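Numbering (the working numbering), first residue to last: 516 to 1018.
Here's the structure, in structure tokens; my notes come after.
So this is what it looks like as structure tokens:
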């Protein structure tokens, strides 16, 4: 047993006593927070939640829900009390709120409302169609007291009404039914069930007038053709003075911007045709495997173009897109010789009449210049075309013409010229077309045209790829098309307004 001198306390016991004294002081201080003065004056218009947060930071044991005190909830009036707890009660009371004490923490909540609820009576109402006895849905009831409660079942086949006891006049409405007025009564502790029949609303029909269609056929048929002469084509700023490209500027035509092929009314290539002096040309384009950049028709060797964008004469076939009719040059007296040079081609044109006067001719030869302009390492697009026509005027009423068109394309494309990794593609196309046309005027009203034609189209495509240790391959595609055709068209002019055509 150890003894200490009077008045001396060990260090550990002294520390424990000091802690107890400090907790006692803090406890007494915490218990007196409600009577402490406000740290500052609360002003009307401040955020109520911000004021509570500030008081909590100063030590007040307050708690609240952000759903109950949103940021937009404001202090309505500056509190008169200068003590914390009383001031909080004042600013909360303006919003029907108060503090509820729980285990030393004051929680913001609603005031306890003690409102006596009068007894209600219940009425279950069902609705039926007065004619078919079918269930009526979408019903609305008006005229009930403000305190009445309405509830519907899931199928909306009935409405349960809870309301104070008494009798009430109501109006029932539903889509397609006549409004129905009646009275319902409610009694406490005596639920009632009613079934009401609604009459369908009669909908008057709008007057409908039915009459036969009326047509007038007193005017001529609409002409859907457009004509362009040689002078207009040559003045049109198109690539390479191409007459077929000029067609793309007409209404109801479209193009890709690169290809010379016209797309009449948005049709595909096979649905449009090009006819030269009665003969439908077979693929009259250069570089046909590379967007068909140019046509094979020399603009100086024609008189003009007529374009049908729909409704063309039946003798030209069953095309669904459109038709381009090209008339070759009509030679004048004497001789005409021209030489042309451009970036795209070099050309020679000769036309005239033989001195005897009964024979005429047109000759056009062109050679492409792209192979002279492009770098040989990229490729060599070489092409030419020739067109010749000889006309024999047998009599004033009979004419025979012989036509020949020759087209030659040799195109080599080299995507990669590296000897170790080489890619190369070549196209060789030969297109020969020959036709003879006989035009005869039998009488002033009867005429005929007979065209005999032969077309020979040969296409060869070859490709080479050589990547050592990767891939090697060759491709060859040879195609030959030969077409023999005989067309004979007759026309009889019955009068100025009627004519008969067959063939």
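Glycine included, every Cβ here is placed at the ideal spot set by N, Cα and C.
Computed from a prediction, not measured in an experiment: that's the story for all the values here.
Rounded C-alpha distance that separates residue 1019 from residue 565: The structure shown has nothing for residue 1019, since the chain only spans 516 to 1018.
With DSSP as the reference, please indicate the residues paired to residue 1008 in a beta bridge. Here residue 1008 is taken as the residue at index 493 of the chain shown, counted from 1. The partner list for residue 1008 (beta bridge, DSSP) reads 1014.
Across which residues does DSSP place residue 698 in a beta bridge pair? Within the chain shown, the letter at position 183 stands for residue 698. 684, per the DSSP bridge assignment.
Among the candidates 801, 832, 615, whose CA atom is the shortest distance from the CA of residue 785? Stepping through the chain shown from its first residue, residue 785 is reached at position 270. When each option's Cα is compared against that of residue 785, the closest is 832.
List the residues that DSSP assigns as beta-bridge partners of residue 988. Your numbering for residue 988 matches position 473 in the chain shown. DSSP output for residue 988 lists 980 as bridge partner(s).
Boundaries of the beta strand (DSSP E) in which residue 604 is found, first to last residue: Counting from one through the chain shown, the residue named residue 604 turns up at place 89. Premise fails: residue 604 lies in the alpha helix (DSSP H), 599-608, not in any beta strand (DSSP E).
Alpha carbon of residue 617 to alpha carbon of residue 576, nearest angstrom: Here residue 617 corresponds to residue number 102 of the chain shown, with the count starting at 1. Here residue 576 corresponds to residue number 61 of the chain shown, with the count starting at 1. So the alpha carbons of these two residues sit roughly 10 Å apart.
CA-CA distance, residue 591 and residue 574? Start at 1 with the first residue of the chain shown, and residue 591 comes out as number 76. Start at 1 with the first residue of the chain shown, and residue 574 comes out as number 59. Distance between the alpha carbons of residue 591 and residue 574 is about 24 Å.
Using 8 Å as the Cβ pair cut-off and three pairs as the minimum, do the segment 790-810 and the segment 837-846 touch? yes
Contacts around residue 535, its chain only, beta-carbon distance under 7 Å, and the 5 residues preceding and following it disregarded: Position 20 of the chain shown, counted from the start, is the residue given in the question as residue 535. Here residue 535 scores only 36 on pLDDT, less than 50, and its place in the model is too uncertain to base an answer on.
Reducing DSSP to helix, strand and coil, say where residue 875 ends up. Here the question's residue 875 lines up with position 360 in the chain shown. Note: residue 875 maps to strand in three-state DSSP.
Here's a check: name, in chain order, each residue in its chain whose Cβ is nearer than 6 Å to the Cβ of residue 992, leaving out the five neighbours to either side. Counted from its first residue, the chain shown places residue 992 at position 477. Closer than 6 Å at the Cβ level, and outside the excluded window around residue 992, lie 976.
From the DSSP output, which residues share a beta bridge with residue 997? Mapped onto the chain shown, residue 997 falls at position 482. DSSP output for residue 997 lists 971 as bridge partner(s).
Excluding the 5 residues preceding and the 5 following residue 844 in the sequence, name in chain order all residues of the same chain whose CB lies nearer than 7 Å to its CB. Your numbering for residue 844 matches position 329 in the chain shown. Counting only Cβ-Cβ distances below 7 Å, and skipping sequence neighbours, we find 816, 817, 818, 866, 877.
Does the distance from the C-beta atom of residue 682 to that of residue 700 stay below 7 Å? Taking the chain shown and counting its residues from 1, the one referred to as residue 682 is at position 167. Taking the chain shown and counting its residues from 1, the one referred to as residue 700 is at position 185. Against a cut-off of 7 Å, the Cβ pair of residue 700 and residue 682 comes out as a contact.
Less than 7 Å between the beta carbons of residue 684 and residue 658, yes or no? Stepping through the chain shown from its first residue, residue 684 is reached at position 169. Stepping through the chain shown from its first residue, residue 658 is reached at position 143. In this structure, residue 658 lies closer than 7 Å to residue 684 by Cβ.
Have a look at residue 606 and residue 563 and give me their C-alpha separation to the nearest angstrom. Counting from 1 along the chain shown, the entry for residue 606 is found at position 91. Counting from 1 along the chain shown, the entry for residue 563 is found at position 48. If you take the alpha carbons of residue 606 and residue 563, they lie about 8 Å apart.
Outcome for residue 1026 when other beta-carbon atoms lying within 10 angstroms are tallied against a minimum of 16: There is simply no residue 1026 to check, as the chain begins at 516 and stops at 1018 in what is shown.
Hey, residue 955 and residue 913: beta-carbon distance below 7 Å or not? Counting from one through the chain shown, the residue named residue 955 turns up at place 440. Counting from one through the chain shown, the residue named residue 913 turns up at place 398. Their beta carbons are under 7 Å apart, which means residue 955 touches residue 913 by this criterion.
Pop quiz: residue 622 and residue 579 are said to be a contact at Cβ under 8 Å. What is the actual Cβ separation, rounded to whole angstroms? As a first step, residue 622 is located in the chain shown; it is residue number 107 there, counting from the start. As a first step, residue 579 is located in the chain shown; it is residue number 64 there, counting from the start. Right, their Cβ atoms sit about 7 Å apart.
Return the Cβ separation of residue 953 and residue 944 in integer angstroms, given the expectation that the two are a contact with Cβ distance under 8 Å. Along the chain shown, read from residue 1 onward, the residue named residue 953 stands at position 438. Along the chain shown, read from residue 1 onward, the residue named residue 944 stands at position 429. That pair is no contact at about 30 Å.
What span of residues does the alpha helix (DSSP H) with residue 761 cover, start to end? Working through the chain shown from its first residue, we reach residue 761 at position 246. Element bounds for residue 761: 758-762.
Assuming residue 557 and residue 584 make a contact with CB atoms under 8 Å, what is their CB distance in whole Å? Position 42 of the chain shown, counting from 1, holds the residue named residue 557. Position 69 of the chain shown, counting from 1, holds the residue named residue 584. Not quite, the Cβ-Cβ distance comes to about 15 Å (not below 8 Å), so this is no contact.
Quick check on residue 919: does DSSP put it in helix, strand or coil? Here residue 919 refers to the residue found at position 404 of the chain shown. Residue state, collapsed to three classes: strand.
Can you tell me which of 560, 572, 603, 569 puts its alpha carbon nearest to the alpha carbon of residue 550? Mapped onto the chain shown, residue 550 falls at position 35. Among 560, 572, 603, 569, the Cα nearest to that of residue 550 is on 603.
So, are the CB atoms of residue 923 and residue 902 less than 7 Å apart? The residue you call residue 923 lines up with position 408 of the chain shown. The residue you call residue 902 lines up with position 387 of the chain shown. Their beta carbons are not under 7 Å apart, which means residue 923 does not touch residue 902 by this criterion.
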